[in-house]
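If you read the sequence shown in this note's numbering, its first letter stands for residue 25, the second for the next number, and so on. Ideal Cβ placement from N, Cα and C applies to all residues, glycine included. Structure, as structure tokens:
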Amino acid sequence: MALGAPGCVKYLLKPTTRYPLADVHVDIAFFNITQMPPKSLIDLSHPLTSQTTIYPGDPPFVMHSVCNIPTDGYTVHALSLGTHTGTHVDAPFHFFAQGQKLHELPLERFVGRALVVDVRHLARARGRIEWRDVREGFDRDSTSAGAGSRGVFDSLGPRSEGKIDIVLFWTGWDVWWGERRYFDHPYFGREVAEELLEMGVRLVGVDTLSPDETVLVQDGGEERMHAFAMHEVLLGRGCLICENLVNLGALVGGGDSGGEVWVSLVPMNVHGADGAPVRAYGWKET
């Protein structure tokens, strides 16, 4: 074993060499951990607390003590929460009985290069953001970090073609997390979902409670409680959704368009689930 800088393993033994250890032979693979982790990780997830904002009708987040150090010598808590609590991912099964469940999705679907689109100038309480508005933002704004010199639209597409298939909308509404106003978030029209799918996008994230309007019954919105155009279009075509993101501005460096944005939005591995909380984070590679 050889060491490089403190805390960095430059190389480990020899590539794919078999070394005897008693009666056991171990395959040692060569690796270089100086390439990971990235220099600066940005937390994109809200902490789960008793004050966590919950979608109307969903169960609240509850944590209570089961064992404690004075009595038992160790600490254990029990958690109770819904599958769409806090920052989380929606699987197609959330809206479609035959859709993929969480455990059926490969990990690669949740990690990759991302395009962050700044739509803060369009963010109004309960305002609908249409495709024409998003397109203008695409055309104008290379804060949409990750686009590079090829142009924003050209950067989107299948990973097999070396393109970006994760789009995150930065509305800035995360500042209202924990307050009543958070429910009055802006939302997106159906055409936004349709156009993103045509470009090959496979995961859409938002820093709001939902990409669709959240209408509360007490606001006289019973007749619109099931207006989920973005969910139906995206999940219906196998595109995942990540909701309640935070700190997207920090992820793009407050407007710095240089470098590539990468994100990890890996949810808990809950078998058969329609969604699950995420410890979302991102980083920038220059």
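Query                                                                                                                                  : Result
Less than 8 Å between the beta carbons of Ala304 and Val285, yes or no?                                                                : no
In whole angstroms, what is the alpha-carbon distance linking Ala251 and Gly262?                                                       : 19 Å
Using only alpha-carbon positions, find the residue among Glu132, Val199, Gly306 that is nearest to Asp231.                            : Val199
Out of Gly202, Phe134, His108, Ala147, state which residue places its alpha-carbon closest to the alpha-carbon of Asp189.              : Phe134
Around the Cβ of Leu65, are there at least 16 other Cβ atoms within 10 angstroms (buried) or fewer (exposed)?                          : exposed
Give the list of continuous beta strand (DSSP E) stretches no shorter than 3 residues that lie fully inside the segment 105–168.       : 112–114, 135–142
When you compare only the Cα positions, how much space is there between Lys125 and Leu240?                                             : 28 Å
Excluding sequence positions up to five away, which residues of its chain have a Cβ less than 7 Å from the Cβ of His88?                : His101, Ala102
State the start and end residues of the unbroken alpha helix (DSSP H) segment that holds His255.                                       : 253–260
Under the rule that 16 or more other beta-carbon atoms within 10 Å means buried, what is Ile265, buried or exposed?                    : buried
Is there a C-beta anywhere in chain B that falls below 8 Å from the one on Gly283?                                                     : Considering every chain present, this structure includes no chain B. It has just one protein chain.
Which residues bound the alpha helix (DSSP H) around Ser179?                                                                           : 176–179
Since Gly213 contacts Glu154 with CB under 8 Å, what's their CB separation in whole angstroms?                                         : 5 Å
Run the CB neighbour count on Pro291, radius 10 Å, all protein chains shown included, and call it buried at 16 or more, exposed below. : buried
The beta strand (DSSP E) with Ala300 in it runs from where to where?                                                                   : 299–301
Work out the CA separation of Lys308 and Arg159 for me, nearest whole Å.                                                               : 24 Å
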